[in-house]
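To start, the structure itself, in structure tokens.
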Amino acid sequence: MKKAGFVIIVLWCLVSACGDNSSSTRIKIDSIGKKFDTSAERLWDSTKEKAKEIKEKIDNKLDQKDSASQKADNK
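Read left to right, the sequence shown gives residues 0 to 74 (numbering that gives the first Met the number 0).
Have a look at this one:
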């Protein structure tokens, strides 16, 4: 009878110890997930801005070449 009581107490301690960690772990994982999402959004926004700037530079270069060739054709 003493052995059964001891086993029950040990099992209860293990179950109660494991139960508390799961909610704490879930909160930490959610927090890490939110940080990752925020970082990914900032990275994506930065990449879009840089791509837009590169596109504008290329368009400006092409416009300059077109205007230079039009001036040469008009002469």
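Quick reminder that beta carbons are idealized off the backbone N, C-alpha and C, glycines included.
Only a predicted model underlies this, so the values are computations on that prediction, with no experimental measurement involved.
PHE5 versus SER23: straight-line alpha-carbon distance, rounded: It is roughly 28 Å from the alpha-carbon of PHE5 to the alpha-carbon of SER23.
Just the C-alpha distance for LYS64 and ILE57, rounded to the nearest angstrom, thanks. Using only the alpha carbons, I get a separation of about 11 Å.
Spatial neighbours of LYS49 in its chain, beta-carbon cut-off 6 Å, leaving aside the 5 residues before and after: Excluding the 5 residues flanking it on each side, LYS49 has no same chain C-beta neighbour closer than 6 Å.
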